[in-house]
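Heads up: the sequence shown begins at 345 in our numbering, then just goes up one per residue. Inspection log for the structure reproduced underneath, given as structure tokens.
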Amino acid sequence: MNAEADIVIVGAGVVGLSIAWSLRDSGAKIVVIDRQQPGQGASWAGGGILWPLPPDHIDPVIEPLLTRSLSLYPRFCAQIHELTGIDPQYWACGARYVADGREQAFPQIGQIRNPRLLQSLAEAVRRSGIEIIADVEATGWISAGGSLRGIRTSVGDFACRKAVLAAGAWSAKLLDLPVRPIKGEMVLLRAAPGELEEIVIGSDVYLVPRRDGLVLVGSTLEDVGFDTTPTEHNRDWLLGRARQLHAGVDRWPIERHWAGLRPGVGEGYPIISGVPSMAGLYCCTGHYRIGLTLAPASAERIAGLMLGTIQSNPAGPFEYRPR
């Protein structure tokens, strides 16, 4: 297979799909490719909290991007819901932070039902005329004279003028980036609807209620490569810590238990920039635990860089940096 597009987005998680959505009116022919089905990576596996953790300290470097992203979320969700009929279930439910012997309310914290968001967003992208090609793995870049000319994939080459690497934990397989997979396990419990109606955040675990009574318990943090095998030990640890936040954990039956891979960047920030060594190639990756939270504003920023409506800052915190 050999194909052609103006822009190819590598990665169909929440970041890649949000970039496609942000570029939908650009007039460019856009293709999104992913090594698996859309929205099946960290975007699907997480809890859907729209706020960094711990909630009582916001990094001042991240804060402007965070503020912008949170301001975009209600309209973003309303737009894709109206277009597709699939409700992402944005919910300004508030949160309670219980740690170090104190309790603090955060009424501004909301959540998204991330699997529904991904279904809605993927369908909205398709209805905007953008092709999503699943089960295609990008394997390298084609360049000439320091400029991008295309992408090599498991099914052939894609010629393109511009591309965005938004492959999450797999991004460092394609570029020299300080991104590595950080495994996180989640447990899904079944409570009664209304039994828990706010997020409860502890020092190392959290409870995220859904309106239908499901409650997510998360999450572990493990640097174990690309292993996504959930373990009984981690399940029991999560439930043990969660019991200290809510007594209902002992009564609520387990529905599911899974693991995902976050794109960790150590002590650094997400990379949302062009790649200096190859004109036309961009990165939007390394969001670690705040990919869902920052996706709308990150997509807006990278789309602006690609279209020339905003300028890069070579000394900025989100610029490309090698390992």
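All residues carry an ideal CB built from backbone N, CA and C; glycine is no exception.
Rounded C-alpha distance that separates residue i from residue j
| i | j | result |
| --- | --- | --- |
| residue 477 | residue 449 | 43 Å |
| residue 555 | residue 520 | 42 Å |
| residue 616 | residue 490 | 20 Å |
| residue 500 | residue 486 | 12 Å |
| residue 407 | residue 600 | 34 Å |
| residue 610 | residue 385 | 19 Å |
| residue 642 | residue 576 | 36 Å |
| residue 605 | residue 613 | 17 Å |
| residue 351 | residue 368 | 11 Å |
| residue 428 | residue 365 | 13 Å |
| residue 533 | residue 505 | 46 Å |
| residue 578 | residue 563 | 9 Å |
| residue 398 | residue 571 | 26 Å |
| residue 650 | residue 370 | 10 Å |
| residue 667 | residue 557 | 43 Å |
| residue 661 | residue 569 | 26 Å |
| residue 382 | residue 481 | 13 Å |
| residue 396 | residue 453 | 9 Å |
| residue 590 | residue 553 | 12 Å |
Residue i versus the options, residue with shortest Cα-Cα distance
| i | options | result |
| --- | --- | --- |
| residue 494 | 375, 573, 642, 646 | 375 |
| residue 358 | 512, 600, 406 | 512 |
| residue 536 | 504, 522, 592, 630 | 592 |
| residue 483 | 419, 379, 392 | 379 |
| residue 416 | 394, 431, 405, 430 | 394 |
| residue 466 | 418, 423, 508 | 423 |
| residue 597 | 514, 531, 456 | 531 |
| residue 657 | 366, 527, 619, 639 | 619 |
| residue 543 | 652, 456, 594 | 456 |
| residue 475 | 361, 664, 565, 388 | 361 |
| residue 623 | 488, 644, 574, 413 | 488 |
| residue 372 | 400, 353, 638 | 353 |
| residue 644 | 526, 665, 413, 387 | 413 |
| residue 567 | 602, 526, 590 | 526 |
| residue 550 | 621, 529, 387 | 529 |
| residue 471 | 419, 517, 426, 664 | 426 |
| residue 390 | 496, 595, 400, 460 | 460 |
| residue 445 | 497, 545, 553 | 545 |
| residue 540 | 522, 548, 561, 523 | 561 |
| residue 392 | 630, 589, 638, 518 | 638 |
Three-state secondary structure assigned by DSSP to residue i
| i | result |
| --- | --- |
| residue 418 | helix |
| residue 562 | strand |
| residue 423 | helix |
| residue 576 | helix |
| residue 352 | strand |
| residue 428 | helix |
| residue 367 | coil |
| residue 461 | helix |
| residue 435 | strand |
| residue 484 | strand |
| residue 507 | strand |
| residue 663 | coil |
| residue 569 | coil |
| residue 607 | strand |
For residue i, the residue or residues it bridges with in DSSP
| i | result |
| --- | --- |
| residue 628 | 616 |
| residue 502 | 347, 495 |
| residue 446 | 443 |
| residue 650 | Its beta-bridge partners do not exist; DSSP assigns none. |
| residue 551 | 544, 561 |
| residue 475 | 375 |
| residue 601 | 531 |
| residue 394 | 454 |
| residue 623 | 491 |
| residue 525 | 607 |
Cβ of residue i within 8 Å of any chain C Cβ
| i | result |
| --- | --- |
| residue 477 | In summary, chain C is missing from the structure at hand, where a single protein chain is found. |
The stretch 431–439 / the stretch 580–589 touching (three or more Cβ pairs under 8 Å): no
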